[in-house]
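Protein chains in written order, with the UniProt record's numbering: chain A, 1 to 230; chain B, 1 to 230.
Number of protein chains: 2
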Amino acid sequence: MLSAKMEDYLKAIYRLEREGEPPVATSTIAETLEVTPPTATSMVEKLEDRDLVEREKYKGVTLTPEGETVALEVIRHHRLLETFLTEELGYDWSEVHEEAEILEHHISEEFERRVAAALDEPAVDPHGDPIPNDELEPIDDHSASALADHGEGARLEVARVRDRDSEELTYLDDAGITPGTKLVVEEVAPIGMVTVRLDGGETVSLPDHIADAIQVRTPEDAVADGVSEV
Amino acid sequence: MLSAKMEDYLKAIYRLEREGEPPVATSTIAETLEVTPPTATSMVEKLEDRDLVEREKYKGVTLTPEGETVALEVIRHHRLLETFLTEELGYDWSEVHEEAEILEHHISEEFERRVAAALDEPAVDPHGDPIPNDELEPIDDHSASALADHGEGARLEVARVRDRDSEELTYLDDAGITPGTKLVVEEVAPIGMVTVRLDGGETVSLPDHIADAIQVRTPEDAVADGVSEV
DNA sequence: AGAGAGAATTAGACGAGTCTAATGCAAAAG
DNA sequence: CTTTTGCATTAGACTCGTCTAATTCTCTCT
């Protein structure tokens, strides 16, 4: 059995591989998991012993296929749990992250299957992120990009919200911005601020660091990608 | 924060206090948790440091009020989870124990509240055990006693099934014996076997060690105790 | 009361996961 | 081509939960 800690490292490495260029540096892992670099070094050595990562000393690590399988399994658990907590237990989508972060390591495969069945095998979690189906990589939705990259006047649909901070998510939720929301870019202010107008006509202004968390796509892309059942 | 391990010790001590005479011996705790006596000793020392148990060296331990509160909280989590897994996720009541045993240490108070609400604040879990409500001790159902203690011909109702072995529970479940089942003691054989007749007329024979796990009461007591909404 | 049996505790070790401080490597700057 | 700088690793220590082996306590039996 793999410890919860090891699963956390694998999950972090998986995410970091997608965000930047593999191999993933030890210090990056350390930062992500809020541990010191020596701790990260000793953990990746253990992961290497178990053939979950490939390591080039002084360079960094990449996941082996086995490591990736574990990472995806954990991510699947996480997203399934987030969906379950929101849909079945009435949690607010902004507060499910913490709970799922812990539970993801402790549910059985049986639990996973039953939850997936109860939710009717969902493809996307409440943040709009795809739920990987076991061995398969989630289809990375390339049509989605950061809100800030679009010019004024662009008509867009929120694909997902890449944020882990519960306060910020609550703010967006209250403002009416969730996956599926349609909006138009009203103004991109040079002072690090973006204003959008929602379907109902309300406008919402957001500082760049929050706007960056909002991934959008044009409604046409949504149909083309077949991911519109959010 | 208390570790899952410490919670396990507290829960075990709580159960052992009810089953026998406090103080609870170190070796008994060790046996229950399948660790060696020195391990149990060192853990109870730590529990003492945190004022969760009172200890008399070479004698044993008793829970302090704080320790008992924690134990009850964990037991509440366990039974709530068992109920949830059976009612909402369609688990068989015989297979929920393992899953609940792990999850009980990892759910938040928020999760606990929401599950309790979703289940409509249940008073009893699928095994027929009362679900303690936070600070309050569960009402110990004194009218319930072991099936084997009743003579032939006694008309009884199953109050709870005190067993943790999944195979045995499945067997009883298949045989139609669950909390709430009405039955009549047909024969108490001197070879360590008890035969009962169920409502439908079927008879079931059980070896003593299994019959002992079945706690029963007379249907009148059930009404008097107000625990009949099983 | 004294001896022995049986249980509990102490002593010392280990793996996991973490830290700080010291050292080593490698890539950029000169 | 050598130096510097910055990240990575090694060294060594600590806590938690566990173990085995050795020791000590308590209680019962004669």
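No residue lacks a Cβ here, since even glycine has one placed at the ideal position from N, Cα and C.
- Straight through space, the alpha carbons of B/ALA40 and A/ALA123 are spaced by roughly 46 Å.
- At a cut-off of 8 Å between C-beta atoms, A/GLY90 counts as an interface residue with respect to chain B.
- Under a criterion of Cβ atoms nearer than 9 Å, no residue of chain B is adjacent to A/VAL96; the nearest Cβ is some 10 Å distant.
- The stretch 195 to 203 of chain B and the stretch 167 to 186 of chain B touch, with no fewer than 3 CB-CB distances between them shorter than 8 Å.
- About 7 Å separates the beta carbons of B/VAL216 and B/HIS150, which is inside the 8 Å limit, making them a contact pair.
- Using a Cβ distance threshold of 8 Å, B/VAL70 and B/LEU52 count as a contacting pair.
- Apart from sequence neighbours up to five positions away, the residues of its chain that approach A/THR86 with a beta-carbon distance below 8 Å are ASP92, TRP93, VAL96, PRO126, ordered along the chain.
- For a Cβ distance threshold of 9 Å, residue set LEU89 of chain A lies close to B/VAL115, ordered along the chain.
- Under the Cβ criterion (8 Å, minimum of three pairs), the stretch 146 to 164 of chain A counts as touching the stretch 181 to 190 of chain A.
- In the three-state reduction of the DSSP assignment, A/LEU89 falls in the coil class, being assigned neither a helical nor a strand state.
- Between A/ARG162 and A/ALA211, the C-beta gap is not smaller than 8 Å, which leaves the two residues out of contact.
- The closest CA to that of A/GLY153, considering only A/VAL188, A/GLU121, A/ASP134, is found on A/VAL188.
- Three or more Cβ pairs closer than 8 Å define a contact, and the stretch 43 to 58 of chain A meets that threshold against the stretch 6 to 15 of chain A.
- Chain A has a Cβ within less than 8 Å of the Cβ of B/GLU99.
- The beta carbon of B/GLU48 sits closer than 8 Å to the beta carbons of GLU54, ARG55, VAL61 from its chain, once the five residues preceding and following it are set aside; these are given in chain order.
- Burial check for B/ALA117: the Cβ neighbour count within 10 Å stays below 16, so the residue is exposed.
- Between A/HIS77 and B/ILE102, the beta carbon gap of about 13 Å keeps them out of contact (Cβ cut-off 8 Å).
- Interface criterion not met: the Cβ of A/LEU72 is under 8 Å from no Cβ in chain B.
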